[in-house]
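Working notes for the structure below.
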Amino acid sequence: MAPVLSSTPETLVTRGWSDYALLDSGDGRKLERYGRYTVVRPEPQCFWKPHEEAAFERANAMFDPQQEEEDSGRWRFDQHGPIDAFPLKWRDVRFMGRFTPFRHLAFFPEQAANWEWLDARVRTLKQPKILNLFGYTGVASLACAAAGAHVTHVDASKKSVAYARENAELSGLADRPIRWIVEDARKFVAREVRRGSKYDGIILDPPKYGRGANGEVWRLFEDMPGLLKGCAALLSDDASFLLLNAYAARISGLSLAHMMAEATHDRGGRIDWGELALSEDGESARAIGLSFFARWSA
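Those letters in the sequence shown? Residues 91 to 388, by my numbering.
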């Protein structure tokens, strides 16, 4: 039986929490608070004017992109100089914020909407086996582990997995059943399919482009359909979910939903899809759409 595809998109909005807030946005930039630091990063979708231009100039750190490449560039800091890694928290998960060379701070705050959904979903299950592919620094993995899941965390970057393990220690979750694996996601999934492994939930948050642990090239549009079908084959008979998130200018939630429907064509269930957004604080809050998702659930 084919899954039911939702006829309307959903916008999952992340609002500020104690260690994060989108304070203002406009003129192609966003002003954010990470713990006690304020940060300015480029955001081309902010066509409007900021509420308080002067607040951007008072930020502790600002990312200057290289020409047209908004994801690469350098950080400029205020008179206090460069900032080392610093602790942050989301619910039971503690992790380090880091000023990376790619304008990100070692996690993606808009994903908090997905973390909330995963936390609620996992808590309805009895010690589910969860696979997190492209797991990066591990916040989603740790959110699932804190909710009671057995987690397999896979990322091609040895450094990212090392950071994820540090975050597990920081969160007091190092003794939870988490497998940390440095490997290309496609190779790992293919091997698990051959082994007959099964998971109760799978998370996919791939980049648009990347390289595997041994130099394998990942291209979202070319490689995602095959990987998603492999993930569907890893779902247990009573699996709960398969969550796909993607950042790419040429993609949409609806296209991800149709790809998800093709991969899960014989599983029944439901597919929801839409956009993840960050919302400013305050009465005149504006929201910025930052990624798209499709989610199969039983």
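No residue lacks a Cβ here, since even glycine has one placed at the ideal position from N, Cα and C.
Simplified DSSP state of residue i, which is helix, strand or coil
i, result
"Glu-282", "helix"
"Gly-187", "strand"
"Arg-255", "helix"
"Ala-391", "The requested residue 391 is not part of the displayed model; the chain covers only 91 to 388."
"Ser-247", "coil"
"Asn-362", "Checking the displayed sequence, the identity of residue 362 turns out to be Asp instead of Asn. Three-state DSSP puts Asp-362 in a strand."
"Gly-225", "coil"
"Arg-211", "helix"
"Gly-372", "coil"
"Leu-260", "helix"
"Pro-177", "strand"
"Ser-345", "helix"
"Ala-388", "coil"
"Ala-203", "helix"
"Ala-353", "helix"
Status (buried if at least 16 other CB within 10 Å, exposed otherwise) for residue i
i, result
"His-243", "buried"
"Asn-304", "exposed"
"Asp-371", "exposed"
"Trp-107", "exposed"
"Ser-162", "exposed"
"Asp-328", "exposed"
"Ser-97", "exposed"
"Asp-209", "buried"
"Arg-262", "Residue identity check: residue 262 is Gly in the sequence provided, not Arg. Classification for Gly-262: exposed."
"Pro-93", "buried"
"Asp-381", "The question names Asp, but residue 381 is Ser in the sequence shown. It is buried - the Cβ of Ser-381 has at least 16 other Cβ atoms within 10 Å."
"Trp-138", "exposed"
"Asp-274", "buried"
CB-CB length for residue i against residue j, believed under 8 Å
i, j, result
"Leu-178", "Asp-265", "Actually they are not in contact, since the Cβ atoms of Leu-178 and Asp-265 sit about 22 Å apart, beyond 8 Å."
"Trp-386", "Gly-343", "About 13 Å; that fails the 8 Å criterion."
Inset, instruction - Taking only runs that begin and end inside the segment 94-172, name each unbroken beta strand (DSSP E) of 3 or more residues, in chain order. - result: 100-104, 110-116, 119-124, 127-132, 151-156 and 159-167
Inset, instruction - State whether the segment 334-350 contacts the segment 358-370, with contact taken as three or more CB pairs (one from each stretch) at a distance under 8 Å. - result: Result yes; three or more Cβ-Cβ pairs closer than 8 Å.
Legend entry - Contained beta strand (DSSP E) runs [length at least 3] in the segment 270-321, N- to C-terminal order: 291-294, 299-301 and 307-309
Inset, instruction - Determine, using beta-carbon pairs with one atom in the segment 282-293 and one in the segment 319-337, whether at least three such pairs fall under 8 Å. - result: yes
Legend entry - Contact the segment 193-202 vs the segment 267-277: 3+ CB pairs below 8 Å: no
Inset, instruction - Say whether the segment 108-123 touches the segment 368-382, bearing in mind that this needs 3 or more beta-carbon pairs closer than 8 Å, one atom from each stretch. - result: yes
Inset, instruction - Count the CB pairs spanning the segment 233-240 and the segment 179-186 that are closer than 8 Å, and state whether there are at least three. - result: yes
Inset, instruction - Please confirm if the segment 373-380 is in contact with the segment 245-254, defined as three or more CB-CB distances below 8 Å between the two stretches. - result: no
Legend entry - the segment 141-153 touching the segment 121-129, judged by at least three CB pairs closer than 8 Å: yes
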